[in-house]
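Respectively, the protein sequence lines represent chains X, Y and B. The numbers in our numbering rise by one with no breaks, and the one at position 14 of the first sequence is 59. The numbers in our numbering rise by one with no breaks, and the one at position 250 of the second sequence is 274. The numbers in our numbering rise by one with no breaks, and the one at position 144 of the third sequence is 128. Working notes for the structure below.
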Amino acid sequence: MSQDATEIRARVKQIIANVAGLDPARIGDEAKLRDELKLDSLSLLEIGVDVDLAFKLELPDEQYKEIDSIPDMVALVQSRLADTQPQAQHQAV
Amino acid sequence: MRRSVVVTGAGVLSPLADSPAGLHAALCAGESGFKEIELFPLDGLSGNGSGPRRAGEIRPFEPRDYLGERNLRPIDRTSRLLLAAAQRALDESGWTPELRAEREVGLMLGTVFCSVKTIAEFDRRGLQLGPSHVSPLDFANSVINAAAGQAAIWHGLRGVNSTISAGEASGLLAIAGGTSQIRGGHADALLAGGAEELCFESFLGHLRAGRLCGPDDPLPFDARRGGFALAEGAALLLLEEAAEAAARGARVFAEVLGHGSAFDPLETAEGAAQAVARAVRIALDDAGITSGDLDAVSVSASGSVAVDRAEAAGLAAALGTSGAGVPVTAIKSMLGEALGASGGFQAVAMLGTLGDGFLPGIRGLERTEEDFPLTGAGAGTRRVAVRRALLTALSADGHACAVVLGAPQ
Amino acid sequence: MEPRIAVTGLGLVTPIGVGREDVWNGLLAGRSGFAPVESFDTHRFNVHLGAEVRGFEPAPYVRRLDPARLGRASQLAIAAARLALEDAGIDSGAVAPERAGVAMGTTSGEPREVERLDDRIQAGEVDRVGPEFLSLYPCHMIAAHVARELGFAGVNTMIPTACAAGNYALAHALDMLRAGRADLMLAGGADAFSRITYTGFARLGAIAPERCQPFDRNRKGMIPGEGAAVLVLEPLERALDRGARIYAELAGYGLSCDAHHMTAAHPEADGAARAMERALADVGAAPSEVSYVSAHGTGTPTNDRLEILAVKRVFGEAAPGIPMSSIKSMIGHTMGAASAIEAAVCALAVAEDRIPPTMNMDDPEEGLDFVPNVARELPVRMAMNNAYAFGGNNASVILRKVGL
């Protein structure tokens, strides 16, 4: 895994933890947002807004609506950053 | 036969205490609930050197102490105060989660702003970051009935649920409204009272309107008074239809005997006094008693030069000769002006007096002005056997409300 | 015996017109109140439509107070109150002030005042905030201003239960009159268009991009609006004694709380159904006796779906035979004013045996009669008005022909 992905996952978990009122250390790396973390639609919308702000992604809502797990959110952030900041992308090992 | 309304529990979060017993003890001991404001910075407010810096801030306030481990992120401060007070009232009255799942408990909430802080922060974030990056959770809390809605969700309150705004009279009007709902057969049990948080926007508004006293503590009814100090909190009575309460073996702390309200459209001192007098007369009439039957009065006087006097004049007029001299207290001398929560504080505090016969004094009162219309205001805590108590509220905008409480039968 | 309460005057300030006659004619004709938002810049939004009250001049209505010292919602409310009293043939000066009260509902109160405050805070100009914030902003000022304008000294209450507030205010007024605490009540609701409200609903994805289509299969959302409505309520005996024109009896109400979610209704429409059942119980009527339902019908996929579910639960087999329309298809969602405007529409429906359509219907949902696109004449003995709000506040009120 590249450094970026770990960092991204940590920040995403922190955002989700804030909204869910949980300790980020208690959120599994593969956690499902609806089923496991019991996040409702309003909270998911909040997370989408916070992630979009944190990483300056400027993505439309529809993209966030598809996301139902931490890995999916991390992948979305990574791919968007890669699209918008190609120079910053690390080469995967 | 009119349905009777009794009080089977109470809950309070206040600058002095987080229980009805604690509040009563602190008030009777003449304690001050005022402290240096820490919730928000005061710099940038001109005239601050000689201006107000103190308020009835609730500090520390740890919501988890009352609400357990569920997610509090979607709940703002106003709602947290309300949820905590509601938890306490439900616990004391024996309305367990199981009972609430079977039978409905409602909520009538008085509040002036609910959370103007949440509303304003939602708006400012939109200004700073654009409309797509505002907080959805904050939007849900930007309606004035948000706290009542959050409390219903948190505590499973499926009965009638309403929010009432009438300035400083909101809390008593919510208790009056809750009484009406039960009498009218729309509810058998509900929480009634008020909630309000201390925040920058409210403080700024009151400061600019010239309503706040300076750096010293407020002096209700005193000739030196020069405004009030803001405060925050939540206070609720559990109101219940009497026969239902008896059937489940609930302890009864008081009965709501009557209520009345009126408004002053003239924006004059006389108009405000007349509104208070009318509200009191309607309440006494509704309770089936005369002013001579009253044993104690708790007024909403906060230290405001004009509003205190208008309330006193209206009360005196309604008391007449047969009620003149009845002991009067003004607990905002110790709690401050908590806007929507104040009426709830008055009611919860009076339960203590009904219970042990001690009426708190008006802290700081040395003397009223010469032609002050009301006698009976006392500076020190007094022993008063109370069977019938009157609560009054007069808002700065002319709303008057009166509630008569009776000792349990 | 509790007195029966009559509706004797209607005052309406809406995105499609001002005054009972203009608005009612507009609703029956399917007039639309939607247009690009004018009161603030929407270029940073991906939606742009609103239902504003354009060209509103407070001066003809605000005669005793100074309109410059009132928030917009208060101006709209005073206008509706004056229109209502005029419609009822009542001179405010001839009323016993202590027995005349005001109960109003709102969602946001005077949001433009907090927006002004925020503009100043953002600009680092806190010093420029004056005493006006406290005299304009608190939502209770709306009811207070109405009473000050008219000299009413009886009960005065603001009930800010969001999108159901109008019905809540009517319920409260009914209680006051039934209990003999007033001889005359002005009850209704008011809300002003605001960027706060628009931003919030846009952020939730709730605003339709082009058309407001309640109960249509392709509906895409609601369109925020503003407005005010006031109903004059008095004991039926008094109304008859003074030879008043009586639109309908305000026969009863039912309130409930979902206790489920702040912005989404209960998934089985539990609260909505209970409010309707309670209203029917308050009136002592069976569901099949309802001739017309004025729906909350915002046009969002979820509200309308759950509302249909609730109606089917309560009315059962009778449901398909009871027409239900949403005037939000024409005037948008006027927030705290909405259910007050809709109650006025129910009063008119009962008085004239005519019901407004649900406009913009291309493909109605199945199973119920939504009065698609064309107003209808039919006997309306009893009309039910439903409203649902954030926080799970639900309210149903029932109006019926006098003499039933």
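C-beta atoms are modelled at their ideal positions from N, C-alpha and C, and glycine is treated no differently. In this text, all values refer to a predicted model and were calculated from it rather than measured experimentally.
- When C-beta atoms of the stretch 143 to 156 of chain B are compared with those of the stretch 371 to 379 of chain B, three or more pairs fall below 8 Å, so the two segments count as touching.
- Contact check for LEU281 (chain Y) against ALA216 (chain Y) fails: the beta carbons are separated by 8 Å or more.
- Within chain Y, the residues whose beta carbon sits less than 8 Å from that of LEU188 (chain B) are PRO160 and PHE163, listed in sequence order.
- Shown here for ALA294 (chain B): same chain residues with a beta carbon closer than 6 Å to its own, the five before and five after excluded, namely ALA253, ALA256 and ALA257 in chain order.
- The way I'd put it, the stretch 418 to 429 of chain Y does touch the stretch 279 to 294 of chain Y; three or more beta-carbon pairs between them come closer than 8 Å.
- With respect to the 8 Å criterion, ALA233 (chain Y) and SER119 (chain B) are classified as neighbours on the basis of their beta carbons.
- In its chain, beyond the 5 residues on either side, GLY150, GLY172, GLY173 and ALA213 have a beta carbon closer than 6 Å to the beta carbon of ALA324 (chain B).
- Taking a Cβ-Cβ threshold of 9 Å, the residues of chain B close to LEU87 (chain X) are LEU188, HIS245, MET246, THR247 and ALA248, in chain order.
- For ALA322 (chain B), the uninterrupted alpha helix (DSSP H) segment begins and ends at 322 to 336.
- Annotation for CYS52 (chain Y): the continuous alpha helix (DSSP H) segment containing it runs 44 to 52.
- Interface criterion met: the Cβ of ALA286 (chain Y) is under 8 Å from a Cβ in chain B.
- Taken through DSSP and simplified to helix, strand or coil, LEU389 (chain Y) comes out as coil.
- In the DSSP annotation of this structure, the continuous segment of the beta strand (DSSP E) that includes LEU37 (chain Y) starts and ends at 29 to 37.
- Closest by C-alpha distance to PHE29 (chain B), out of Y:SER189, Y:HIS157 and Y:ALA401, is Y:HIS157.
- Think of a sphere of 9 Å around the beta carbon of ARG97 (chain Y): the chain X residues whose beta carbon falls inside it are ASN63, VAL64, ALA65, GLY66, SER88 and GLU91, in chain order.
- If you draw a straight line from the Cα of SER366 (chain Y) to the Cα of SER357 (chain Y), it is about 12 Å long.
- Chain B has a Cβ within less than 8 Å of the Cβ of ASP106 (chain X).
- As for any beta strand (DSSP E) of minimum length 3 sitting wholly inside the stretch 192 to 267 of chain B, the runs are 211 to 219 and 232 to 241, ordered along the chain.
- At a cut-off of 8 Å, the C-beta of PRO397 (chain Y) has no neighbouring C-beta in chain B.
- Annotation: ARG384 (chain B) is outside any alpha helix (DSSP H); the continuous beta strand (DSSP E) that includes it extends over 377 to 384.
- Taking VAL298 (chain B) as the centre and dropping the five residues before and after it, the same chain places the C-beta of ALA257, MET260, GLU261 and PRO271 closer than 7 Å to its C-beta, in chain order.
- LYS77 (chain X) and ALA171 (chain Y) have their C-alpha atoms some 30 Å from each other.
- In the displayed model, GLU220 (chain Y) falls within a strand according to three-state DSSP.
- Think of a sphere of 8 Å around the beta carbon of ARG302 (chain Y): the chain B residues whose beta carbon falls inside it are GLU82 and ALA137, in chain order.
- GLU291 (chain Y) sits in coil when the DSSP states are folded into three classes, being neither helix nor strand.
- For VAL98 (chain B), the chain Y residues whose C-beta falls within less than 9 Å of its own C-beta are VAL140, ILE143, ALA144, ASP147 and GLU225, listed in chain order.
- Annotation for ALA362 (chain Y): GLY80, GLU220, ALA255, GLU256, GLY257 and PHE369 place their beta carbon closer than 7 Å to its own, counting only its chain and skipping 5 residues before and after.
- Here the alpha carbon of PRO307 (chain B) sits roughly 13 Å from the alpha carbon of GLU349 (chain B).
- Taking all protein chains shown into account, HIS156 (chain B) has 16 or more neighbouring C-beta atoms within 10 Å of its C-beta and is therefore buried.
- Counting C-beta atoms within 10 angstroms of its own C-beta, LYS101 (chain X) has fewer than 16 neighbours from the protein chains shown and is therefore classed as exposed.
- Contact between ILE168 (chain Y) and GLY1 (chain B) is ruled out by a C-beta separation of about 28 Å, above the 8 Å threshold.
- LEU418 (chain Y) sits away from LEU429 (chain Y), with the two beta carbons spaced by 8 Å or more.
- Contact between GLY57 (chain Y) and GLY360 (chain Y) holds, since their C-beta atoms are separated by about 6 Å, short of 8 Å.
- Taking a beta-carbon distance threshold of 8 Å, LEU153 (chain Y) counts as an interface residue toward chain X.
- Here the C-alpha atom of ALA176 (chain B) lies approximately 43 Å from the C-alpha atom of PHE277 (chain Y).
- Contact check for VAL57 (chain X) against VAL96 (chain X) passes: the beta carbons are separated by less than 8 Å.
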